[in-house]
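Undergrad: Got a structure here, written out as structure tokens. Questions coming.
In my numbering, the protein residues as written are 202 to 290.
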């Protein structure tokens, strides 16, 4: 697991047997991004790593826009750990 914090936002990147997961938390709010382990396919936005998906996107920038909206911040405020920088198509 890789963790990166910036101001009051924490990002945690991890991998399961099937997915790459990028979780964000801020002031009790959470959002997660999931992609298949092979690193291709659509990205899924969830409230938590284990919750049902809210939306799917191809582009990482679109995912970060949605996550930022869920957390009440600007997309540029979201810290992204290096292992997660290549998520998306």
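For glycine and all other residues, C-beta sits at the position ideal for the given N, C-alpha and C.
(1) On the CB-based measure, 16 or more other CB atoms within 10 Å of its CB, does residue 255 come out buried or exposed?
(2) Which residues in the same chain have their Cβ closer than 7 Å to the Cβ of residue 243, if we skip the five residues on either side of it in sequence?
(3) Between residue 288 and the rest of its own chain, which residues show a CB-CB distance below 8 Å, the 5 nearest in sequence each way excluded?
(4) Give the list of continuous beta strand (DSSP E) stretches no shorter than 3 residues that lie fully inside the region 217-279.
(5) Pick out whichever of 205, 219, 230 has its Cα sitting closest to the Cα of residue 274.
(6) Could you give the DSSP three-state label for residue 285: helix, strand or coil?
TA: Concretely, from the data shown:
(1) exposed
(2) 257, 258, 259
(3) 221, 223, 234, 236, 240, 244, 261, 264
(4) 220-227, 230-237, 244-247, 254-258
(5) 230
(6) helix
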